[in-house]
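First comes the structure, then the notes that go with it.
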Amino acid sequence: MRKALVFLLLSLLAVGLFAVKNVIFLIGDGMGLAHITLTSYFVGKPLEMMKMPYSGLMYTYSANSFVTDSAAAGTALATGYKTFNGMICMTPDGKPVMTLFEAAKKVGKATGVVTTTRVTHATPAAFYAHVKNRDEEKEIARQLVEGTTIDVAFGGGMKHFSEELLEKAKANGFTVVTTREELLNLDPSAVKRVLGIFARSHLSYYVDGEDRPSLAEMTRKAIEILSKNEEGFFLMVEGGRIDHAAHGNDVVAMIYDTIEFDEAVKVALEFAKKDGDTLVVVTADHETGGLGLSNGKYAIDVEKLRSYSKISIEKLMKEITPDNFEIISAHALIGWTTHTHSAIMVPVFAEGPGAEEFTGIMDNTDIPKMIAELTDVPLHEYYFTEIAVGE
Numbered sequence: 025m026r027k028a029l030v031f032l033l034l035s036l037l038a039v040g041l042f043a044v045k046n047v048i049f050l051i052g053d054g055m056g057l058a059h060i061t062l063t064s065y066f067v068g069k070p071l072e073m074m075k076m077p078y079s080g081l082m083y084t085y086s087a088n089s090f091v092t093d094s095a096a097a098g099t100a101l102a103t104g105y106k107t108f109n110g111m112i113c114m115t116p117d118g119k120p121v122m123t124l125f126e127a128a129k130k131v132g133k134a135t136g137v138v139t140t141t142r143v144t145h146a147t148p149a150a151f152y153a154h155v156k157n158r159d160e161e162k163e164i165a166r167q168l169v170e171g172t173t174i175d176v177a178f179g180g181g182m183k184h185f186s187e188e189l190l191e192k193a194k195a196n197g198f199t200v201v202t203t204r205e206e207l208l209n210l211d212p213s214a215v216k217r218v219l220g221i222f223a224r225s226h227l228s229y230y231v232d233g234e235d236r237p238s239l240a241e242m243t244r245k246a247i248e249i250l251s252k253n254e255e256g257f258f259l260m261v262e263g264g265r266i267d268h269a270a271h272g273n274d275v276v277a278m279i280y281d282t283i284e285f286d287e288a289v290k291v292a293l294e295f296a297k298k299d300g301d302t303l304v305v306v307t308a309d310h311e312t313g314g315l316g317l318s319n320g321k322y323a324i325d326v327e328k329l330r331s332y333s334k335i336s337i338e339k340l341m342k343e344i345t346p347d348n349f350e351i352i353s354a355h356a357l358i359g360w361t362t363h364t365h366s367a368i369m370v371p372v373f374a375e376g377p378g379a380e381e382f383t384g385i386m387d388n389t390d391i392p393k394m395i396a397e398l399t400d401v402p403l404h405e406y407y408f409t410e411i412a413v414g415e
């Protein structure tokens, strides 16, 4: 019966009689299987993403390295093309390639990016910008504001938005918000495009407990705004600071940011279940830290990690050094093999119409191609020259 239903769905897609309306694509930056497993042990139950009915594994290598960076990985996930590390939505020889969101705009869909990093950082930028070097964040900010690809952008990175650029954003139809209160008070029916910048650089780690919007709150508001569009929407949500914590081998911050990311997954799934025409895909761009859940003693001490109360963690985070991170991990019998990325495959989870396609072993370039096919978005039908790229 299941095979018959899958065949029927693909047949309908092939003749254009059915296409998935909305896609919520959640990316846990640096989030490997070990990160997910440890976080589930920490909270004492499966994470929301682990309950999704379809899953698989995904290769993450770039065009010039088995170990990708977020720019090349984001490009693969957003365009279906491999590129060199450091490049965003450009081929290795410097040609811009169409992103999934740019193609979605061609068929009238609304689009948005939500992140705990800067909105100009590599992963969110890969869905709307084209630069040869990911560090060109002022240029990325300009492309966000002056372009027509993005309707909603929530995250950090105010240092890359001058007053002049913010005024230009308003002139181009963006409502600009800068505080959690302003975000929560936004009336979705009263705005068309929204730029929410809530920190000078990245948003704080979730464990720090600072007064900034949570990833779940930003995701919920983005869905409220984008779902007004009758043609549907594409939303990318990034738990970006999982990666930063893992770079520092900071197991406590990593766990809490994975929890925050999973709360955003829950928001997406709740909407999808009510809507019935929304595909939710969860994955990572790569694994960070080479996390090992044992240091050779046939055990891990999750209780040691749980013993840090919220208050003690907040106090600790103000005084901690990288050496302390190693001590905390060692006490919990947890090991790290690197402070950078690894070449390990990462998980993919899916739920909603077409989710059964996201199973088995995949390449990161397969994900946007499958999304494009399921939504009837012509991802690779436009010439490079149709994309306006700044100098």
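Using the working numbering, the first residue of the sequence shown is number 25, and each one after it goes up by one.
The C-beta atom is built at its ideal place from N, Cα and C for all residues, glycine as well.
Quick check on Phe382: does DSSP put it in helix, strand or coil?
Walking along the sequence shown from the start, residue 382 turns up at place 358. Coil.
Under a three-way DSSP split, which group does Ala95 fall into?
On the sequence shown, position 71 is the one that residue 95 refers to. Note: Ala95 maps to helix in three-state DSSP.
Might you give, ordered along the chain, the residues of its own chain that have their beta carbon closer than 6 Å to the beta carbon of His363, omitting 5 neighbours on each side?
On the sequence shown, residue 363 is found 339 positions in, with the first residue counted as 1. Cβ within range, chain order: His271.
Is His268 helix, strand or coil by DSSP?
Sequence index remark: in the sequence shown, residue 268 carries index 244 (1-based). Residue state, collapsed to three classes: helix.
Can you give the Cα-Cα distance for Pro70 and Leu50, rounded to whole angstroms?
Start at 1 with the first residue of the sequence shown, and residue 70 comes out as number 46. Start at 1 with the first residue of the sequence shown, and residue 50 comes out as number 26. Rounded to the nearest whole angstrom, the CA to CA distance from Pro70 to Leu50 is 18 Å.
Evaluate Lys334 with the Cβ neighbour count: other Cβ atoms within 10 Å of its Cβ, from every protein chain shown; 16 or more gives buried, anything less gives exposed.
By one-based count along the sequence shown, residue 334 stands at place 310. Interpretation of Lys334 is limited by its pLDDT of 49, a score under 50 that renders its predicted location unreliable; no figure is taken from the coordinates.
Just curious, the alpha helix (DSSP H) that Thr282 is in, first and last residue?
Locating residue 282 in the sequence shown gives position 258, where the first residue counts as 1. The continuous alpha helix (DSSP H) containing Thr282 extends over residues 275-299.
I think Thr243 touches Val138, with their Cβ atoms under 8 Å apart; what is that distance to the nearest whole Å?
Reading the sequence shown from its first residue, position 219 is the one you call residue 243. Reading the sequence shown from its first residue, position 114 is the one you call residue 138. Between Val138 and Thr243 the Cβ distance is about 6 Å, and since that is below 8 Å, they are a contact.
Option in Ser186, Asn46, Met55, Lys106 with minimal Cα separation from Gly314
Here residue 314 is taken as the residue at index 290 of the sequence shown, counted from 1. Ranking the options by Cα distance to Gly314, first place goes to Met55.
I need the boundaries of the alpha helix (DSSP H) containing Pro392, first residue and last residue.
As a working note, residue 392 is residue 368 in the sequence shown. Unbroken alpha helix (DSSP H) run through Pro392: 390-399.
If distances are taken between C-alpha atoms only, which option among Asn157, Gln167, Glu161, Val143 comes closest to Thr202?
Position 178 of the sequence shown holds residue 202. Its Cα nearest to that of Thr202, the residue Val143 stands out among Asn157, Gln167, Glu161, Val143.
Quick one: what does DSSP say Pro371 is sitting in, helix, strand or coil?
As a first step, residue 371 is located in the sequence shown; it is residue number 347 there, counting from the start. Strand.
Ser213 (DSSP reduced to helix, strand or coil)
In the sequence shown, the residue the question calls residue 213 occupies position 189. Here Ser213 carries a helix assignment [DSSP, helix/strand/coil].
Can you list, in chain order, the residues of its chain with a C-beta nearer than 7 Å to that of Leu210? Leave out the 5 residues immediately preceding and following it.
For the purposes of this step, residue 210 is identified with residue 186 of the sequence shown, where counting begins at 1. Contacts found: Val201, Val218, Lys245.
At what residues does the alpha helix (DSSP H) containing Ala240 begin and finish?
For the purposes of this step, residue 240 is identified with residue 216 of the sequence shown, where counting begins at 1. For Ala240, the enclosing alpha helix (DSSP H) has its first and last residue at 239-250.
Determine the burial state of His404: buried for a count of at least 16 other Cβ atoms within 10 Å of its Cβ, exposed for fewer.
Mapped onto the sequence shown, residue 404 falls at position 380. Flag for His404 reads exposed.
What does a CB cutoff of less than 7 Å around Val44 pick up in its chain, not counting 5 residues either side in sequence?
As a first step, residue 44 must be located in the sequence shown, where it is residue number 20. Taken in chain order, the residues that qualify are Asp301, Leu303, Pro377, Gly378, Leu398, Thr399.
Touching or not, the stretch 381-391 and the stretch 114-121, by the rule of three or more beta carbon pairs under 8 Å?
No, the stretch 381-391 does not touch the stretch 114-121.
Could you check the C-alpha separation between Thr164 and Val155 for me, to the nearest Å?
Within the sequence shown, residue 164 is the residue found at index 140, counting from 1. Within the sequence shown, residue 155 is the residue found at index 131, counting from 1. In the sequence as displayed, the identity of residue 164 is Ile instead of Thr. Spanning the alpha carbons of Ile164 and Val155 requires a straight line of approximately 7 Å.
List the DSSP bridge partners of Ser79.
Residue mapping note: residue 79 aligns to position 55 of the sequence shown, counting from 1. In the DSSP output, where bridge partners are listed per residue, Ser79 has Phe373.
Nearest to Arg204 by alpha carbon, out of Leu190, Ile221, Val215, Lys216?
Position 180 of the sequence shown holds residue 204. Out of Leu190, Ile221, Val215, Lys216, Ile221 has the C-alpha closest to the C-alpha of Arg204.
Kindly provide the ranges of any beta strand (DSSP E) runs that are 3 or more residues long and lie completely inside the stretch 94-154, ordered along the chain.
Runs of the beta strand (DSSP E) spanning 3 or more residues and lying entirely within the stretch 94-154 occur at 134-142, in chain order.
Would you say Met82 and Val372 are within 7 Å of each other, going by their C-beta atoms?
In the sequence shown, residue 82 corresponds to position 58, counting from 1. In the sequence shown, residue 372 corresponds to position 348, counting from 1. Val372 is positioned such that its CB atom lies closer than 7 Å to that of Met82.
Boundaries (first-last residue) of the alpha helix (DSSP H) holding Ile164
Along the sequence shown, read from residue 1 onward, the residue named residue 164 stands at position 140. For Ile164, the enclosing alpha helix (DSSP H) covers residues 161-170.
Which partner residues does Asp235 have in the DSSP bridge list?
For the purposes of this step, residue 235 is taken as the residue at position 211 of the sequence shown. In the DSSP output, where bridge partners are listed per residue, Asp235 has none listed.
Tell me Asp387's beta-bridge partners as DSSP assigns them.
Residue mapping note: residue 387 aligns to position 363 of the sequence shown, counting from 1. DSSP output for Asp387 lists Tyr83 as bridge partner(s).
Based on the DSSP output, what are the partners of Ala177 in its beta bridges?
As a position in the sequence shown, residue 177 is number 153, starting the count at 1. In DSSP, Ala177 forms a bridge with Val137, Leu219.
Could you check which residue in Leu208, His184, Lys183, Ala214 has the C-alpha nearest to that of Phe198?
Taking the sequence shown and counting its residues from 1, one reaches residue 198 at position 174. For Phe198, the nearest C-alpha among the options comes from Ala214.
Euclidean distance between Cα positions of Pro320 and Arg330
By 1-based counting over the sequence shown, the position of residue 320 is 296. By 1-based counting over the sequence shown, the position of residue 330 is 306. The sequence given here places Gly at residue 320; Pro does not occur at that position. The straight-line gap from Cα to Cα measures roughly 21 Å.
Cut-off 7 Å between Cβ atoms - residues of its own chain near Glu234, not counting five sequence neighbours on either side
Start at 1 with the first residue of the sequence shown, and residue 234 comes out as number 210. Closer than 7 Å at the Cβ level, and outside the excluded window around Glu234, lie Ser228.
Would you report the Cα separation of Gly171 and Ala146, rounded to the nearest angstrom?
On the sequence shown, position 147 is the one that residue 171 refers to. On the sequence shown, position 122 is the one that residue 146 refers to. Going by the C-alpha atoms only, they are around 17 Å apart.
Using the C-alpha atoms, what's the distance from Thr61 back to Ala288?
One-based indexing of the sequence shown puts residue 288 at position 264. One-based indexing of the sequence shown puts residue 61 at position 37. Each residue's Cα considered, the two are about 18 Å apart.
Using the three-state DSSP reduction, which class does Arg261 fall into: helix, strand or coil?
Position 237 of the sequence shown, counted from the start, is the residue given in the question as residue 261. Checking the displayed sequence, the identity of residue 261 turns out to be Val instead of Arg. If DSSP states are grouped into helix, strand and coil, Val261 belongs with the strands.
Does His184 come out as helix, strand or coil in the three-state DSSP assignment?
Translated into positions along the sequence shown, residue 184 becomes position 160. Helix at His184.
Mapping DSSP to helix, strand and coil, what is Ser331?
Sequence index remark: in the sequence shown, residue 331 carries index 307 (1-based). Ser331 falls in the coil class under three-state DSSP.
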